[in-house]
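Visitor:
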Amino acid sequence: MYMERRYFGLQVGCCEPHKTGIFKLLDHAEFRKHGCQMVNVVADYWENIGQRSVSSKVEPGYLAGLIPKEAPEDPEPWEKIMEDIERVIMPGVTHWQHPNFHAYFPTAASYPSMCADILANGFACMGFSWAANPACTELEVVMMDWLAKMLHLPEEFMSGGDGGGVIQGSCSEATLVALFGARNRSIEKYQKEHPGATVYEAASKLVGYYSDQAHSSVERAGLISMIHLRKLRTGVSREMCAMDLEEAIKEDIANGLLPFFCVATLGTTGCCAFDNLKEIGPVCERYDIWLHVDAAYAGAAFICPEFRPLLDGIEHAMSFVFNPHKWLLTHFDCTCIWYKNMDWIIKSFCVDPSYLKHTHQGCAPDFRHLHIPLGRRFRSLKLWFVMRRYGVYGLQKYIRNASPHIFVLPAPPSMFIWLDILSSFCCPISDLRSSTR
1 MYMERRYFGL
11 QVGCCEPHKT
21 GIFKLLDHAE
31 FRKHGCQMVN
41 VVADYWENIG
51 QRSVSSKVEP
61 GYLAGLIPKE
71 APEDPEPWEK
81 IMEDIERVIM
91 PGVTHWQHPN
101 FHAYFPTAAS
111 YPSMCADILA
121 NGFACMGFSW
131 AANPACTELE
141 VVMMDWLAKM
151 LHLPEEFMSG
161 GDGGGVIQGS
171 CSEATLVALF
181 GARNRSIEKY
191 QKEHPGATVY
201 EAASKLVGYY
211 SDQAHSSVER
221 AGLISMIHLR
231 KLRTGVSREM
241 CAMDLEEAIK
251 EDIANGLLPF
261 FCVATLGTTG
271 CCAFDNLKEI
281 GPVCERYDIW
291 LHVDAAYAGA
301 AFICPEFRPL
311 LDGIEHAMSF
321 VFNPHKWLLT
331 HFDCTCIWYK
341 NMDWIIKSFC
351 VDPSYLKHTH
361 QGCAPDFRHL
371 HIPLGRRFRS
381 LKLWFVMRRY
391 GVYGLQKYIR
401 NASPHIFVLP
411 APPSMFIWLD
421 ILSSFCCPIS
431 DLRSSTR
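Residue numbers for the sequence shown follow my numbering, beginning at 1 and rising by one.
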């Protein structure tokens, strides 16, 4: 005999009597037991990771044949789940923390960061507004100021005035958000100068700029926003030429367009190219263009005084972003972006339904107005753990440990090597006299 379940008079399903009991969550004792086991599994993995092959040897589709086609109807033992980690998951894992992993970009992680994420996941809270989680909001404000001071960013990027910082999920997201802020700023300016002009008319005239060394996310931001972004070619130095930028701006103005946004690269994840902010910045200021600085990878190095001169000219920027989850011992995801004026971002994303309002609005930031999703994790906790556990000097030492390795590569005839402070770029070149590369 089946039992029929109804909610609000609607039949929503039937189930057998033995399956209608109270659902039992993992209890505290089990969590203590399995949690300790999980910590040991991770510690063993990190301790012995060098014995594994860096990359996976599986072929696409390998996993589907190792697990059932449907989810289990009844709970499975924890031990069976853990057994399948090695059998099912590990064969398909690329070990990014392996000492011989040199692909893509670094994802320097650490135990303090990992422990902070365990704690954040244990709290299981949302931090979209101050009321939703006061500690999440206020710690993020303080951590962004800590980092800004370590980087010696201008005072305008600090909290307490128009500017401030916020943690995003990735530089891709941060660049898109900055573009939206710049877009709304320019549209508002255009409408003031041209009474009666529509938002769509103004948006159709917008044009931005980036170099061929910029991250692919810049091009994607243009596609998502349906705004034309011009790619400017770089020379041997791999940096954007200020003269070329100004020439492109003048050309677009002559064609009735509205230059509004420029992305400068300062050690991004492609080949770690650096633009000269002291040359690009004044050009952007002259034409009232929002300068966004993407230092996704190398930005962490600016906490070291000897590398800080590469950031000279940052006073011309409206926004600056880098990823602690690449080179600052912090787990993904943790992207830090600072704005000189947060109002333009808030205007771009502010939707304020009654069910999200609270009595302290205006007294503290509500980060839901500064990024695309509503929900947000307690990401500042891992920055707090990392910066306290290692200190500024410890993090500087970690960055400096990487610097000598930039210069140890030999220079065989078949290789072109470009070395410039933080950037190291090596690539094979064709030998026109033979088939070798």
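We put the CB at the ideal spot given by N, CA and C, even for glycine.
Which same chain residues end up closer than 6 Å to F180 when comparing Cβ atoms and leaving out the 5 residues on each side of it in sequence?
Guide: Closer than 6 Å at the Cβ level, and outside the excluded window around F180, lie S348.
Visitor: In three-state terms, what does DSSP make of W384?
Guide: It is helical.
Visitor: Specify, as a first and last residue, the run of the alpha helix (DSSP H) that T175 falls within.
Guide: T175 -> alpha helix (DSSP H) spans 171-193.
Visitor: Looking at S237 and the ligand SAM, is the gap between the Cβ and the nearest heavy atom below 7 Å?
Guide: The ligand SAM is not part of the structure shown, which contains no ligands of any sort.
Visitor: Could you check how far apart the C-beta atoms of Q315 and N276 are, in whole angstroms? I think they sit under 8 Å.
Guide: Note that residue 315 is Glu in the sequence shown here, rather than Gln. So it is not a contact: roughly 14 Å between Cβ atoms.
Visitor: Taking the continuous alpha helix (DSSP H) assigned at F320, which residues delimit it?
Guide: Looking at the DSSP string, F320 is not in any alpha helix (DSSP H); the run it does join, the beta strand (DSSP E), is 319-322.
Visitor: Go ahead and pull the three-state DSSP assignment for T335.
Guide: If DSSP states are grouped into helix, strand and coil, T335 belongs with the strands.
Visitor: I'd like to know if the stretch 296-313 and the stretch 220-238 are in contact, where contact means that at least 3 CB-CB pairs between them fall below 8 Å.
Guide: Contact fails: fewer than three Cβ-Cβ distances are below 8 Å.
Visitor: N121: buried (16+ other C-beta within 10 angstroms of its C-beta) or exposed?
Guide: It is exposed - the Cβ of N121 has fewer than 16 other Cβ atoms within 10 Å.
Visitor: Could you name the residues that DSSP lists as bridge partners for G165?
Guide: W338.
Visitor: Have a look at S380 and K326 and give me their C-alpha separation to the nearest angstrom.
Guide: Answer to the nearest angstrom: the Cα atoms are 16 Å apart.
Visitor: Hey, is the stretch 157-172 in contact with the stretch 329-346, meaning 3+ C-beta pairs nearer than 8 Å?
Guide: Contact between the stretch 157-172 and the stretch 329-346 is present, because at least three Cβ pairs lie under 8 Å.
Visitor: Taking the DSSP output, what are the residues bridged to R230?
Guide: Y209, per the DSSP bridge assignment.
Visitor: Keeping to the same chain, check which residues put their C-beta closer than 7 Å to that of G92; ignore five residues upstream and five downstream.
Guide: Counting only Cβ-Cβ distances below 7 Å, and skipping sequence neighbours, we find S56, V58, Y62, L63.
Visitor: Going by the CB atoms, is the gap between L291 and A248 shorter than 8 Å?
Guide: No. Outside cutoff.
Visitor: Round the Cβ separation of H215 and T268 to the nearest angstrom and send it over; I've been treating them as touching at under 8 Å.
Guide: Confirmed, Cβ separation roughly 5 Å.
Visitor: Does DSSP put S414 in a helix, a strand or coil?
Guide: Model confidence at S414 stands at a pLDDT of 46, short of 50, so the residue's coordinates are unreliable and nothing is read from them.
Visitor: Thinking just about the alpha-carbon of each residue, which of F302, L311, A43 is nearest to the one in E279?
Guide: Ranking F302, L311, A43 by Cα distance to E279 puts L311 first.
Visitor: From M158 to N100, what distance separates their C-alpha atoms?
Guide: Going by the C-alpha atoms only, they are around 39 Å apart.
Visitor: Starting from P134, trace the alpha helix (DSSP H) both ways and give me its first and last residue.
Guide: Note, P134: alpha helix (DSSP H), 134-151.
Visitor: So, do the stretch 144-152 and the stretch 330-339 have three or more beta carbon pairs nearer to each other than 8 Å?
Guide: Result yes; three or more Cβ-Cβ pairs closer than 8 Å.
Visitor: Taking the C-alpha atoms as reference points, what is the distance between M243 and K250?
Guide: If you take the alpha carbons of M243 and K250, they lie about 11 Å apart.
Visitor: Is it buried or exposed for R400, if we count other Cβ within 10 angstroms and need 16 for buried?
Guide: Exposed is the call here.
Visitor: Which runs of the alpha helix (DSSP H) spanning at least 4 residues fall entirely within the stretch 13-88, listed in chain order?
Guide: With a minimum length of 4 residues, the continuous alpha helix (DSSP H) runs that stay inside the stretch 13-88 are 28-47, 78-84.
Visitor: Near V199, what residues of its chain come up, given a Cβ to Cβ distance below 8 Å and the 5 sequence neighbours on each side ignored?
Guide: Closer than 8 Å at Cβ, skipping near neighbours: I187, Q191.
Visitor: Using only CA atoms, which one of F128, G127, M318, K189 lies nearest to K205?
Guide: The candidate whose alpha carbon is nearest that of K205 is K189.
Visitor: Classify N323 as buried or exposed, calling it buried when 16 or more other Cβ atoms lie within 10 Å of its own Cβ.
Guide: Buried, since its Cβ has 16 or more Cβ neighbours within 10 Å.
Visitor: Could you compute how far the alpha carbon of I346 sits from the alpha carbon of H369?
Guide: C-alpha separation (whole angstroms): 5 Å.
Visitor: Measuring CA to CA, which of A174, I303, D84, G270 is closest to F105?
Guide: Looking at the Cα atoms, G270 is the closest of the given residues.
Visitor: I'd like the ranges of any alpha helix (DSSP H) spanning at least 4 consecutive residues and lying wholly in the stretch 91-135.
Guide: If we require 4 residues or more, the alpha helix (DSSP H) runs fully inside the stretch 91-135 come out as 111-123.
Visitor: Considering only DSSP beta bridges, list what F274 is partnered with.
Guide: L266, per the DSSP bridge assignment.
Visitor: As a quick exercise: from T94, S110, I81, G65, pick the residue whose alpha carbon is nearest that of L329.
Guide: The candidate whose alpha carbon is nearest that of L329 is S110.
Visitor: If you draw a straight line from the C-alpha of A116 to the C-alpha of T175, how long is it?
Guide: One C-alpha to the other measures close to 26 Å.
Visitor: Identify whether F157 lies in helix, strand or coil by the three-state DSSP scheme.
Guide: Three-state DSSP puts F157 in a helix.
Visitor: Under the rule that 16 or more other beta-carbon atoms within 10 Å means buried, what is F31, buried or exposed?
Guide: Exposed.
Visitor: Starting from L291, trace the beta strand (DSSP E) both ways and give me its first and last residue.
Guide: 290-294 is the extent of the beta strand (DSSP E) around L291.
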